[in-house]
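Notes follow once the structure below has been shown.
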Amino acid sequence: MPDNLPQPRLFDNTSNWFPINRSWQFEPPADIHGKMTPNEVEAASGHTFVATLTLGPGLTLPAGAHVTMEVPSTWECHLGNPYPRGLKTVGNREKSQIRKVGYGSFTDVECSRPEVKLAHAASWGRHMDLVDVVVQEGELGPGDKVRIILGPPDGNLVQAQRYAQVA
74 MPDNLPQPRL FDNTSNWFPI NRSWQFEPPA DIHGKMTPNE VEAASGHTFV ATLTLGPGLT
134 LPAGAHVTME VPSTWECHLG NPYPRGLKTV GNREKSQIRK VGYGSFTDVE CSRPEVKLAH
194 AASWGRHMDL VDVVVQEGEL GPGDKVRIIL GPPDGNLVQA QRYAQVA
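Residues 74 to 240, numbered by the numbering used here, are exactly what the sequence shown covers, in order.
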């Protein structure tokens with residue numbers, strides 16, 4: 074990808090995510106609405122999870138705008154064994170270590186407007202992983218959708234946490 078385009082952010086330490094971005098907590102909420110599918114799964118079962126983010130009527134994302142999704146550390150790459158620890162949850166397709174079984178699930182990103190170019194990168198951390206998406210070319214407007222795909226079927230699936238929880 075050309076260097077002159079906006080690039081997704083990589084975080085060396087995702088524990089610094091909150092202090093680095095502390096100012097956002099004082100801003101009004103962004104007019105973006107999320108939906109995760111599947112929305113109900115058995116604990117520790119492997120799936121392809123898709124987070125669909127829909128821009129509301131008051132939001133546009135121009136080139137250079139970022140959307141970052143936090144993936145909890147209780148979610149992991151699914152290997153059919155609920156006991157392994159220390160696995161990477163999500164990863165970048167171009168990283169060779171992700172191609173080895175057990176070293177993470179791929180992430181992909183799509184958008185509802187084919188003329189808009191997006192890029193993304195995953196960062197790993199102790200408490201959470203981050204998937205950062207940047208608009209490289211074009212602009213997203215009201216009603217447009219960004220789909221963040223965790224564990225697409227051509228790689229390792231992602232498993233939700235290993236215990237039941239009610240929000």
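Even glycine gets a Cβ: it sits at the ideal position worked out from N, Cα and C.
Straight-line measurement puts the Cα of PRO187 at about 11 Å from the Cα of GLU210.
Bounds of any alpha helix (DSSP H) do not take in PRO145; it lies within the beta strand (DSSP E) bounded by 139 to 145.
Between the stretch 82 to 89 and the stretch 109 to 117 there are fewer than three inter-stretch CB-CB distances shorter than 8 Å, so the stretches are not counted as touching. Residue pairing for LEU230: DSSP places it in no beta bridge. Sequence-distant partners of VAL182 (beyond 5 residues in either direction) whose C-beta falls short of 6 Å from its own C-beta, in its chain, are LEU191, HIS193, VAL206 and ILE221. C-alpha of SER146 to C-alpha of VAL219: approximately 23 Å in a straight line. For THR121, the CB contacts under 8 Å within the same chain, skipping 5 residues up- and downstream, are ILE222, LEU223, GLY224, PRO225, PRO226, LEU230 and VAL231 in chain order. The three-state reading of DSSP puts THR125 in strand, counting E and B together.
Per DSSP, reduced to three states, the secondary structure at PHE91 is helical.
Excluding residues up to 5 positions away in sequence, ALA192, HIS193, ALA194, ASP205, VAL206 and VAL207 lie with their Cβ nearer than 7 Å to the Cβ of PRO81 in the same chain. For the set ASN165, SER185 and LEU128, the Cα lying nearest the Cα of SER178 is the one of ASN165. Closest in C-alpha terms to ASP217, from the list GLU149, PRO79 and GLY107, comes GLY107.
Of all alpha-carbon atoms in GLY131, PRO215, LEU203 and GLY228, the one lying nearest the alpha-carbon of VAL140 is that of LEU203. Rounded to the nearest whole angstrom, the CA to CA distance from PRO130 to ASP104 is 7 Å. From the listed residues ALA233, PRO215, GLY228 and GLN234, the smallest Cα separation to THR133 is found for PRO215.
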